[in-house]
Each structure stands twice: as structure tokens, then as C-alpha cells.
Amino acid sequence: TTIQHANNVALENGITVSKCLELVTKARASGLTVPIILMGYYNPILKYGEEKMIEDSAKAGANGYIVVDLPPEEAGQFRSLCARRGMSYVPLVAPATTDERLKVLSTIADSFIYVVSRMGTTGALTEVSSDISVLCDRVRKFSGS
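So the sequence shown is numbered by UniProt numbering: it starts at 1 and just counts up by one.
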């Protein structure tokens, strides 16, 4: 997938979690004030250590996480650690997400919900679903915003 390819290129070029956090620190020191959400896979977080990762990310100035392969049902501890540091765990919603699941995801979202605009490989050059407005309406219905 495109995300996997990006990860491989980053690793080949010596990028590490620590270097990413240094970049966040530098961005904040340069005056960046918009929220910074770190997006990626769970394995680097697990390898770094959940608690240490969240602590170091918060110190660097990050505001939250989108962890593409960590479903909310398995993210209880991670979400709790994020909440303790004032960081967001951002759930993902796809076109195939059921209303029942949307209700659950809406209750755990504390900042926003990441809406996947199409099924398939993230970042690949494909068409956005024509039903995206319907999906956004469904998300608003359950999230209240």
C-alpha cells in the first residue's frame, strides 16, 4: 500500500520515531500552532512503548494519534494513556462502517473522526466515493456535529 511504501522509504532514509518527534518539537519551536496528529501503524508505538510514546509525543507538542491498524476495541489502554496526557485518539470511519459502529466511534471521539473517503489503498490515485456526502451526514448524525 501507499502508507507501507512511505514507511519503507522513511526507514531506508534513517527516519525513526525519535526523529519524527524532534521534527514536531522543531515545528512547535518555530511557532506552529495548528494541531499535530501523528498517523501511522501501531507496531512502532508498541516497540517504542505506549506510555513512553505518548509521554514523549505530548512533550514534543503533538496533539493526538490516528493509528490505522489499532481498532478502538483493542485500544482501551492506548486511549486511556492518550486521555491522561490530553491527547486525542482519532477513530477511522469508512464507507462500509455500520450505523451501530458509528455510534460507538462517535462516543469515543474527543476531537474529530477521520473519514476514509474511499475503500482501497490510502493515498492511491483512485476516485473518491460518490457517497462521501452521505457518509459525512451519517457521521454528523451520530457525532452531533
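For each residue, glycine too, the CB sits at the ideal point set by N, CA and C. From a predicted model like this one, the values you see are computed outputs, not experimental measurements.
{"Asked": "Give every residue of the same chain whose Cβ lies closer than 6 Å to the Cβ of Pro35, excluding the five residues on either side of it in the sequence, and list them in chain order.", "Found": "Asn63"}
{"Asked": "Among residues of its own chain, excluding the 5 on either side of Ile108, which ones have a beta-carbon nearer than 8 Å to its beta-carbon?", "Found": "Pro72, Arg79, Tyr89 and Pro91"}
{"Asked": "Quick one, which of Thr98, Ser145, Arg101 and Gln4 has its alpha-carbon nearest Ser111's?", "Found": "Ser145"}
{"Asked": "Whole angstroms are fine: how far does the CA of Cys20 sit from the CA of Val93?", "Found": "26 Å"}
{"Asked": "Buried or exposed for Val134, please, with buried defined as at least 16 other CB atoms from any protein chain shown within 10 angstroms of its CB.", "Found": "exposed"}
{"Asked": "Quick check: the Cα distance between Gln4 and Met87, rounded to an integer number of angstroms?", "Found": "25 Å"}
{"Asked": "Can you find the residues in the same chain that come closer than 8 Å, C-beta to C-beta, to Gln77, ignoring five residues on each side of it along the sequence?", "Found": "Glu50"}
{"Asked": "Residues in its own chain within less than 6 Å of Ile45 by CB, not counting five upstream and five downstream?", "Found": "Met53"}
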